[in-house]
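Undergrad: According to the working numbering, the sequence shown holds residues 1 to 285 in order.
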Amino acid sequence: MNYINLLMKLLLLKGNEKKSAEQIRRIQERKLRKLLRYAYKNSEYYRITFEAKGINEKNIDSTPLSGFPTVDKKAFLMNFDRIVTVSDLTQEEIRKFDSSSELSRKPFKGKYHIVHSSGSTGKPGYFVYDEDAWGSMLVGMIRGALSNMTMAEMVRFFAEGPRMVYTAATDGRYGGAMAVGDGVEGVGGGQLYLDINTPLSEWVEKINEFKPNMIVGYPSAVKILAGLAEEKNVDLNIRCVVSCGEPLNPGLREYLERIFGVKVINYYGTSESLILGAEKTPPKV
Numbered sequence: 001m002n003y004i005n006l007l008m009k010l011l012l013l014k015g016n017e018k019k020s021a022e023q024i025r026r027i028q029e030r031k032l033r034k035l036l037r038y039a040y041k042n043s044e045y046y047r048i049t050f051e052a053k054g055i056n057e058k059n060i061d062s063t064p065l066s067g068f069p070t071v072d073k074k075a076f077l078m079n080f081d082r083i084v085t086v087s088d089l090t091q092e093e094i095r096k097f098d099s100s101s102e103l104s105r106k107p108f109k110g111k112y113h114i115v116h117s118s119g120s121t122g123k124p125g126y127f128v129y130d131e132d133a134w135g136s137m138l139v140g141m142i143r144g145a146l147s148n149m150t151m152a153e154m155v156r157f158f159a160e161g162p163r164m165v166y167t168a169a170t171d172g173r174y175g176g177a178m179a180v181g182d183g184v185e186g187v188g189g190g191q192l193y194l195d196i197n198t199p200l201s202e203w204v205e206k207i208n209e210f211k212p213n214m215i216v217g218y219p220s221a222v223k224i225l226a227g228l229a230e231e232k233n234v235d236l237n238i239r240c241v242v243s244c245g246e247p248l249n250p251g252l253r254e255y256l257e258r259i260f261g262v263k264v265i266n267y268y269g270t271s272e273s274l275i276l277g278a279e280k281t282p283p284k285v
């Protein structure tokens, strides 16, 4: 990710913060309509399911959004190969890639970023991003993580060199683990992964050596890190804390903000859309 391009994209995205709710709604609908048209033209599954609802190329822009069919996880997994809009991707190929290759952020076939769900409700679902989609997602992720900073503060933060510690499940191609590494590398920073199953003695050693200034992770895991800081086992000077992957209750938020001395940014996302929302706190004046 080019540093100058990143700053330009962040500046454009931050401009959206000044738009009204109605302006944002119109932007969202325009982009969604474009996506629906593309799906109708390029996805066998969506073309058939749209037409079954009486939706075609002539009325796709005028049909109320409530008139479009929905898709659940079961249907997605069953129809993956008919849903995708490219000819060089199959679910079986992705599963083989995931099971046979070593865990890394290396793109599949050199151009597809693969993430998977936890599989807690059955078979894991695989979700695919091309380079453009991945880049857009990373910019959104960075913007959300630094949403309480002004552009000048962001520039200074990047110049200092972000050093991010990610505390969560890191033993698979989970969206958060895959994305935060690429995002931090894109701004010339470093990252440290701390799996929730790693002994705390290793946490202490690695954190004190790495000296992070940014924390991203499950709130339950970030709480463990805060406990180590409170007990003076680790020496931290944190500029940013992002909570994701689990609910953040008010009591835990208060505790984390007291220990780290910064506002916690709460993320919401899923494997199929890694950045759905992030809290916005007023920038410092």
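Even glycine gets a Cβ: it sits at the ideal position worked out from N, Cα and C.
Of all the options Met8, Arg30, Tyr45, which has the alpha carbon lying nearest to the alpha carbon of Met78?
TA: Taking the first residue of the sequence shown as position 1, residue 78 is located at position 78. Of the listed residues, the one whose Cα sits closest to Met78 is Tyr45.
Undergrad: How would you call Ala221, buried or exposed, if buried means at least 16 neighbouring beta carbons within 10 angstroms?
TA: Position 221 of the sequence shown, counted from the start, is the residue given in the question as residue 221. Buried: at least 16 other Cβ atoms inside 10 Å.
Undergrad: To which residues does DSSP link Asp195 through a beta bridge?
TA: Within the sequence shown, numbered from 1, the residue matching residue 195 stands at position 195. Beta-bridge pairing links Asp195 to Ala168.
Undergrad: Can you tell me whether DSSP reads Val115 as helix, strand or coil?
TA: For the purposes of this step, residue 115 is taken as the residue at position 115 of the sequence shown. Note: Val115 maps to strand in three-state DSSP.
Undergrad: Given this structure, state the Cα-to-Cα distance separating Glu17 from Gln28, to the nearest angstrom.
TA: Counting from 1 along the sequence shown, the entry for residue 17 is found at position 17. Counting from 1 along the sequence shown, the entry for residue 28 is found at position 28. When rounded, the distance between both Cα atoms is 14 Å.
Undergrad: Quick one: what does DSSP say Glu92 is sitting in, helix, strand or coil?
TA: Position 92 of the sequence shown holds residue 92. In this structure, Glu92 counts as helix in the three-state DSSP scheme.
Undergrad: According to DSSP, is Phe158 helix, strand or coil?
TA: Sequence index remark: in the sequence shown, residue 158 carries index 158 (1-based). If DSSP states are grouped into helix, strand and coil, Phe158 belongs with the helices.
Undergrad: Compute the distance between the beta-carbons of Met151 and Leu12, then report whether it is under 9 Å.
TA: Translated into the one-based positions of the sequence shown, residue 151 becomes position 151. Translated into the one-based positions of the sequence shown, residue 12 becomes position 12. The answer is no: Cβ separation not under 9 Å.
Undergrad: Taking all protein chains shown into account, do 16 or more other C-beta atoms lie within 10 angstroms of the C-beta of Ile4, making it buried, or fewer, making it exposed?
TA: Position 4 of the sequence shown holds residue 4. Exposed, by the Cβ-count rule.
Undergrad: Spatial neighbours of Thr270 within its chain, please: CB distance less than 7 Å, with the 5 preceding and 5 following residues excluded, ordered by chain position.
TA: By one-based count along the sequence shown, residue 270 stands at place 270. So the list reads Leu276, once near-sequence residues are dropped.
Undergrad: Would Lys263 pass as a contact of Asn237 if the rule is Cβ separation under 9 Å?
TA: By one-based count along the sequence shown, residue 263 stands at place 263. By one-based count along the sequence shown, residue 237 stands at place 237. Against a cut-off of 9 Å, the Cβ pair of Asn237 and Lys263 comes out as no contact.
Undergrad: Within 10 angstroms of the Cβ of Gly135, are there 16 or more other Cβ atoms? Answer buried if so, exposed if not.
TA: Here the question's residue 135 lines up with position 135 in the sequence shown. Buried, because 16 or more other Cβ atoms sit within 10 Å of the Cβ of Gly135.
Undergrad: Return the chain-ordered list of same chain residues with a C-beta closer than 7 Å to the C-beta of Asp235, the five sequence neighbours on each side being excluded.
TA: Here residue 235 is taken as the residue at index 235 of the sequence shown, counted from 1. Asn208.
Undergrad: Have a look at Ser201 and Arg37 and give me their C-alpha separation to the nearest angstrom.
TA: Taking the first residue of the sequence shown as position 1, residue 201 is located at position 201. Taking the first residue of the sequence shown as position 1, residue 37 is located at position 37. One C-alpha to the other measures close to 53 Å.
Undergrad: Should Pro247 go down as buried or exposed, given a rule of 16 or more other Cβ atoms within 10 Å for buried?
TA: As a working mapping, residue 247 is identified with position 247 in the sequence shown. Pro247 is exposed by the Cβ-count criterion.
Undergrad: Around the Cβ of Thr90, are there at least 16 other Cβ atoms within 10 angstroms (buried) or fewer (exposed)?
TA: The residue labelled residue 90 in the question sits at position 90 within the sequence shown. So Thr90 counts as exposed.
Undergrad: Below 8 Å on the Cβ atoms is my contact criterion, and I expect Ile114 with Asp98 to pass it. Report the Cβ-Cβ distance as a whole number of Å.
TA: To locate residue 114, count along the sequence shown from 1; it is residue 114. To locate residue 98, count along the sequence shown from 1; it is residue 98. That belief holds up - the Cβ atoms of Ile114 and Asp98 are roughly 7 Å apart, short of 8 Å.
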